[in-house]
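Visitor: This is the structure I have questions about; it appears just below.
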Amino acid sequence: MSAHYDRASLRQNNLSQRTMRQTLRMLWKTLLPSLFMIVLSIVFAAPFRILGQGELQTGLVLGTVWFWSLYRPASMPIWLLLISGLIIELFVSTPPGLLLLWMLVVYGVAHMVRFHFAEGGFFRYWGLYSLTVLVGAVLEWCLLSVRAMMILSPSALFFQWSLSVGVYPLLHVAFVLGRHFSHPSDHP
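Dropping the structure here:
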């Protein structure tokens, strides 16, 4: 009788350890994209004197939001996006709240098209991302022009857009490879 009880308690103990590990793994999967964006923003806030550092920071953050909202939405819940966006706003050079608004728009567009273009493939999603980033870049350019009380050069707009769109394929490959190697059981 006691041997049966010991086996049952050991089985229950293993089950609770397994669920604890699964809970921690799920928490890590959920927090990883937001932590990546926050660390990236802190690193790119340092004065490295890289040409286009602020634009690259914005492009990497928006690309991260797009990828995780589109391909793994459970890892990018809206409340976590909002919290990480507020933290990221402390480290960017854009007008206050603009990047957070841009992040929310990218998140919304990614969620909206997720099922409409289910068979779309990478290039269709990349094209849609480039249009979304273009609208955001035009909005940022307009707001900065109003703030400066003069029309700014559109070359800054083009640079922001091209850098954000150009860096996304690299982010996409890095995230896909990272998911594949860190969680091989998630993939067939």
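Quick note on the working numbering: the sequence shown kicks off at 37 and runs consecutively. Ideal Cβ positions, reconstructed from N, Cα and C, are used throughout, including at glycine. Please read all numbers here as calculations on a predicted model, not as lab measurements.
Can G95 and L199 be called in contact, C-beta distance under 8 Å?
Guide: yes
Visitor: Examine the Cβ distances between the segment 123–137 and the segment 157–166 and report whether three or more of them are shorter than 8 Å.
Guide: no
Visitor: Any heavy atom of the ligand FAD closer than 7 Å to the beta-carbon of V203?
Guide: Among the components of this structure there are no ligands whatsoever, and the ligand FAD is therefore not found.
Visitor: Look up F127 in the DSSP assignment and say whether it is helix, strand or coil.
Guide: coil
Visitor: Using the three-state DSSP reduction, which class does R78 fall into: helix, strand or coil?
Guide: According to the sequence shown, residue 78 is Ile rather than Arg. I78: helix per DSSP, three-state reduction.
Visitor: List the endpoints of the continuous alpha helix (DSSP H) containing R183.
Guide: Taken as a continuous stretch (DSSP letters only), the alpha helix (DSSP H) holding R183 covers 157–184.
Visitor: List the whole-angstrom C-beta distance separating P69 from M112, where the pair is believed to meet the contact cut-off of C-beta under 8 Å.
Guide: 6 Å
Visitor: By how many angstroms is the C-alpha of H147 removed from the C-alpha of P109?
Guide: 8 Å
Visitor: Could you spell out the range, first to last residue, of the alpha helix (DSSP H) harbouring F103?
Guide: The continuous alpha helix (DSSP H) containing F103 extends over residues 89–107.
Visitor: Taking the alpha-carbon of L118 as reference, which of T59, G90, L135, P131 has the nearest alpha-carbon?
Guide: L135
Visitor: Could you check the C-alpha separation between V142 and Q196 for me, to the nearest Å?
Guide: 15 Å
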